[in-house]
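First up is the structure itself, then whatever we jot down about it.
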Amino acid sequence: MVFLVKDLKRFQPFSEIVNSNDNYSLKTEMITSKIIKPASLICKILQLKDDETAFELRRLRKINGISVSIETSYIRNLYLPNIDKINFGNNPLYKTIELNYGRQISYTNEEILIVKATKIEAKLLNVSFGSHLTMIKGTSLDQDNIVLEYFESVSLPSLYRFIS
């Protein structure tokens, strides 16, 4: 069984948590990677003006060949030109933003929920439609306290052990 220990007191990217365990091999499959006009709620969260767009990144995460999580990020691309040209199947999101744009995620606000799998989530995670999943959603702020990202991640309920 695959499980990860997530410390709620500090920011730690998914890839960093997985890669800290020698028994786990992480593979990322791209689902979507594009510039969009986000829904009004996401515009509000990201503090976008009416004419601004965002970068949408959706990835399927697999550990040891098992589909464990679907991550969706909406990123304020005003400060990150051409972010949609980067292959995030091979590159960690936060490390790439730091290296290419000089923006470092310093803080996240996270909410943990139990949700029911949609048809698409069920198919991608190999569970039954309506099965319970763990959702972690929230925002990521950079070193200047600018909200760069709104994220939603749905995972198998057995994936995380939360500590604080």
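Read in order, the letters of the sequence shown are residues 4 to 167 in our numbering.
C-beta: ideal position from N, C-alpha, C; glycine also.
Note that the structure is predicted; figures quoted are calculated from it, not measured.
(message) Using CA atoms only, rank isn't needed, just tell me which of Thr-75, Glu-74, Asn-103 is closest to Asn-85.
(response) If you compare the alpha carbons of Thr-75, Glu-74, Asn-103 with that of Asn-85, the shortest gap goes to Asn-103.
(request) Please determine if the segment 74 to 92 and the segment 108 to 118 are in contact, where contact requires at least 3 C-beta pairs separated by less than 8 angstroms. (result) With the rule of 3 Cβ pairs closer than 8 angstroms, the segment 74 to 92 does not count as touching the segment 108 to 118.
(request) Ignore the nearest five residues each way along the sequence and tell me which others in Glu-155's own chain have a CB closer than 7 angstroms to its CB. (result) Closer than 7 angstroms at the Cβ level, and outside the excluded window around Glu-155, lie Thr-75, Met-138, Lys-140.
(message) Considering only the alpha carbon of each residue, which of Asn-90, Asp-10, Leu-127, Ile-166 lies closest to Val-157?
(response) Taking only the C-alpha atoms, the option nearest Val-157 is Leu-127.
(message) Once DSSP output is grouped into helix, strand and coil, what is the label at Leu-21?
(response) Looking at the sequence itself, residue 21 is Val, so the reference to Leu does not match. DSSP places Val-21 within a helical segment (H, G or I) once states are collapsed to three.
(request) Decide if the segment 43 to 55 is in contact with the segment 25 to 32; the criterion is three or more beta carbon pairs, one per stretch, under 8 angstroms apart. (result) Result no; under three Cβ-Cβ pairs closer than 8 angstroms.
(request) Quickly, what does DSSP pair Tyr-163 with across the bridge? List them, please. (result) According to DSSP, Tyr-163 bridges with Leu-7.
(request) Per DSSP, which residues does Ile-117 bridge with? Please list them. (result) DSSP, once it has assigned bridges, lists Thr-137 as partnering Ile-117.
(request) Could you tell me the distance, in whole angstroms, from the CA atom of Ile-100 to the CA atom of Gln-107? (result) Rounded to whole angstroms, Ile-100 and Gln-107 show a C-alpha spacing of 7 angstroms.
(request) Count the other C-beta atoms from every protein chain shown that fall within 10 angstroms of the C-beta of Tyr-97, then say buried if there are 16 or more, exposed otherwise. (result) Answer is buried; the Cβ neighbour count reaches 16.
(message) According to DSSP, is Asp-87 part of a helix, a strand, or is it coil?
(response) It is helical.
(request) Please go through the same chain and pick out, in chain order, the residues whose beta-carbon is closer than 7 angstroms to the beta-carbon of Ser-70, but skip the five residues on each side of it. (result) Closer than 7 angstroms at Cβ, skipping near neighbours: Leu-63, Leu-127, Leu-128, Asn-129.
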